[in-house]
Amino acid sequence: SGGAIAIATANRVYMLEHAIYSVISPEGAASILWRDTTRSKDAATNMKITAQDLLELKIIDAIVPEPLGGAHRGPDTVIAATGDLIAKTMKEFSGANTDFREQRREKYLAMGRNL
Numbered sequence: 016s017g018g019a020i021a022i023a024t025a026n027r028v029y030m031l032e033h034a035i036y037s038v039i040s041p042e043g044a045a046s047i048l049w050r051d052t053t054r055s056k057d058a059a060t061n062m063k064i065t066a067q068d069l070l071e072l073k074i075i076d077a078i079v080p081e082p083l084g085g086a087h088r089g090p091d092t093v094i095a096a097t098g099d100l101i102a103k104t105m106k107e108f109s110g111a112n113t114d115f116r117e118q119r120r121e122k123y124l125a126m127g128r129n130l
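Just so we're aligned, residue 16 is where the sequence shown starts under the numbering used here, counting upward by one.
Put into structure tokens, the structure is as follows:
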């Protein structure tokens, strides 16, 4: 959603594999759209709120893998994977000779063109 995008304005946005990214729950969206919370699965599908959906739409830049059952099943593994991804990104940024504000601006303008 536009609200979700607004709260993560950054040069890189990462998301846990089994997370969702939205400012409203699928049940809330179903209630608003169809006045029927039992259509939450339809709402979730249409909202494109999964990590896989958002990577495909270029809303996020990478997915942090989670162990079977979710991040709480192996927090040390997820923390290490997140740290590795952040370290890799910081290395990229430290060697970059670029205007980060312009890069971020272009990233978010492209989102609007691609949706």
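Glycine is no exception: its CB is placed at the ideal position from the N, C-alpha and C atoms.
- Bounds of the alpha helix (DSSP H) holding L69 are A66 to E71.
- The residues L31 and V93, in chain order, have a CB closer than 7 Å to that of A86 in the same chain once the five nearest residues on each side in sequence are set aside.
- In this structure, P80 sits near A96, with a CB-CB distance shorter than 9 Å.
- The stretch 35–45 and the stretch 62–69 touch, with no fewer than 3 CB-CB distances between them shorter than 8 Å.
- Our two residues, P82 and I47, have alpha carbons roughly 34 Å apart in a direct line.
- Checking the DSSP bridge columns, you'll see V79 partnered with L31.
- In the three-state DSSP reduction, N26 falls in the coil class, being neither helix nor strand.
- A45 counts as buried, since no fewer than 16 other beta carbons sit within 10 angstroms of its beta carbon.
- In the three-state DSSP reduction, D57 falls in the helix class (H, G or I).
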